[in-house]
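Asker:
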Amino acid sequence: MRVLVIGSGAREHAIAWKLLQSPKVSKIYAIPGNGGISNIAECTNIQLDDIDSLLEFALKESIDLTIVGPEGPLVDGIVDKFNEKGLKIFGPCRKAAMLEGSKKYAKEFMMKYQIPTAKYVAYHDLDNAIKGLEEFTFPLVIKADGLAAGKGVIICSDKEEAYEALRGILENKRFGNAGNEIIIEEFLEGTEASLMCLVAGNKIIPLESAKDHKRLLDNDEGPNTGGMGCISPNKILDSKLMAEIKVKILDNVLNGLQNEKLDFKGILFIGLMINSVGAKVLEFNVRFGDPETEVVLPRLESDIVDIFIKTIDGTICQEDLIWSQKSCVCTVLASGGYPETCEKDRAISGLEKVDRDVLVFHAGTKKENGIKTNGGRVLAVTTLADSLDEGRKKVYENINKILFDGMQYRKDIGIEKRKDWCYESFL
Ligand code: AMP
Ligand code: GLY
2 MRVLVIGSGA
12 REHAIAWKLL
22 QSPKVSKIYA
32 IPGNGGISNI
42 AECTNIQLDD
52 IDSLLEFALK
62 ESIDLTIVGP
72 EGPLVDGIVD
82 KFNEKGLKIF
92 GPCRKAAMLE
102 GSKKYAKEFM
112 MKYQIPTAKY
122 VAYHDLDNAI
132 KGLEEFTFPL
142 VIKADGLAAG
152 KGVIICSDKE
162 EAYEALRGIL
172 ENKRFGNAGN
182 EIIIEEFLEG
192 TEASLMCLVA
202 GNKIIPLESA
212 KDHKRLLDND
222 EGPNTGGMGC
232 ISPNKILDSK
242 LMAEIKVKIL
252 DNVLNGLQNE
262 KLDFKGILFI
272 GLMINSVGAK
282 VLEFNVRFGD
292 PETEVVLPRL
302 ESDIVDIFIK
312 TIDGTICQED
322 LIWSQKSCVC
332 TVLASGGYPE
342 TCEKDRAISG
352 LEKVDRDVLV
362 FHAGTKKENG
372 IKTNGGRVLA
382 VTTLADSLDE
392 GRKKVYENIN
402 KILFDGMQYR
412 KDIGIEKRKD
422 WCYESFL
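Residue numbering for the sequence shown follows the working numbering, beginning at 2 and increasing consecutively.
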């Protein structure tokens, strides 16, 4: 089977790495890929918003299965276009991808299908939005409606910050057309959890849970990033809470997808906020999470090709997913200046010294007289171990062997705090 992976992050490296383990895969292609993916896949440069050229490539290379990493091509309708030509592709159709492509649409969907989420209002006009602030107490959250490369969520602690955020988005078009509308949302206290689910026709099947670490600095301080590290499992999602999530969230999501006739054969990523009253949905993504994929796929023991194909043809069931009971820890090494700016072209040394059982998924890297940095998040150093503690030690021992100018990373990935696993701690 000839498989195409679209994207260039550590998430796509983890997907390609897992595909390589399948005896069914004869060749892996990646567009555009990165310095690490190019060791296991043939990489080609095509703009990801050029869906016609992506389709032409898949037809020319007789691709049997396409996996889409980032949300952009999904929101642009890549699945619809590939399906029209009879190509197998894993992901939601354009209409269903709006669950990530428009925060307002996602909120309306949640309200209509009684999916617990934060209270919100939507505006496209600055004056009304400023008046709308009166309905909320501070802190509150302001979100650009459309895709804003993970930067469209602003937590405001007072009126000044809220005015500045609203003006920036609605008047100064800080996020371009993605900010034609905004939502103002109630701030939810609690601890976050990531739950990726396979959606296949009339089924929604959760994968093993994960916990992202979005803030740049230790102890969840500093600015938000794309994700600085991850662990799986996320202990707060115990069987009791998962049973509640199934009834209050997953069943309602499935009912909504069916009722709205949304064709979805892929991953629905549910970002959750958990506190003493249970779980509420912060966001939907219509694709694998990054860095969640880097910690969940190493725990998957089943052949991932079977999972993709069975999801697309609707025959997938819970028993197809066999999981390792081990823990997985991943720490992201980022470039100097990230997340505001990012230094590039820095030589990366020490990769050859990393232990053989440690996975180093590449994100912003390129091959150029060795391996150089080429983006904000550079490497995701990952290990599977008998315990979180053991995994954490191994990850940090190996990070000590890797170096590039400006390298920054969190030192606390895998250290558990009571509020991370016990929702009663919010009582
Ligand atoms: P989103 O892209 O909507 O998940 O937002 C990015 C991050 O902003 C989340 O992972 C949370 O850390 C934070 N966030 C978003 N919405 C809320 C909310 N209503 N209350 C508290 N934090 C939020
Ligand atoms: N880790 C969150 C995301 O992939 O959007």
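Glycine included, every Cβ here is placed at the ideal spot set by N, Cα and C.
Express the C-alpha separation of K395 and Q409 in angstroms, rounding to a whole number.
Answerer: 18 Å
Asker: In terms of alpha-carbon separation, which member of G169, P340, G337 and L385 lies closest to L360?
Answerer: L385
Asker: Would K28 pass as a contact of E13 if the rule is Cβ separation under 9 Å?
Answerer: no
Asker: Does DSSP put Y339 in a helix, in a strand, or in coil?
Answerer: In the structure shown, the three-state DSSP call for Y339 is coil.
Asker: Just checking, does the stretch 217 to 233 make contact with the stretch 314 to 321 on the three C-beta pairs under 8 Å criterion?
Answerer: no
Asker: Give every residue of the same chain whose Cβ lies closer than 8 Å to the Cβ of V142, excluding the five residues on either side of it in the sequence, and list them in chain order.
Answerer: A119, V154, I155, I156, C157, I185, E186, E187 and F188
Asker: Verify whether the separation of the beta carbon atoms of S388 and V297 is less than 9 Å.
Answerer: Cβ atoms of S388 and V297: not closer than 9 Å.
Asker: Determine the closest residue to K266 out of C329, I205 and L218, with distance taken between C-alpha atoms.
Answerer: I205
Asker: Taking only three categories from DSSP, how would you classify R357?
Answerer: If DSSP states are grouped into helix, strand and coil, R357 belongs with coil.
Asker: Assign N399 to one of three DSSP states: helix, strand, or coil.
Answerer: Note: N399 maps to helix in three-state DSSP.
Asker: Take the Cβ of T366 as the centre, count every other Cβ of all protein chains shown within 10 Å, and call the residue buried at 16 or more, exposed below.
Answerer: Looking at its Cβ environment, which holds 16 or more other Cβ atoms inside 10 Å, T366 is buried.
Asker: Compare the beta carbon distance of T312 and A150 with 9 Å and say whether it is the shorter of the two.
Answerer: no
Asker: Under a Cβ-count criterion, where at least 16 other Cβ atoms within 10 Å of its own Cβ denotes burial, should G70 be classed as buried or exposed?
Answerer: buried
Asker: Tell me whether V26 sits in a helix, a strand or coil according to DSSP, three-state version.
Answerer: coil
Asker: DSSP three-state label for R378, please.
Answerer: strand
Asker: To the nearest angstrom, report how far apart C231 and D390 are at their CA atoms.
Answerer: 13 Å
Asker: So what's T45 in DSSP terms, helix, strand or just coil?
Answerer: In the structure shown, T45 sits in coil (DSSP, three-state: anything other than H, G, I, E or B).
Asker: In the DSSP assignment, what residue or residues form a beta bridge with Y124?
Answerer: I183
Asker: Can you name the start and end residues of the beta strand (DSSP E) that A194 belongs to?
Answerer: T192 to A201
Asker: Could you check which residue in A15, S9, R3 and V6 has the C-alpha nearest to that of C331?
Answerer: A15
Asker: Quick check: L301 and L322, are their CB atoms within less than 9 Å of each other?
Answerer: yes
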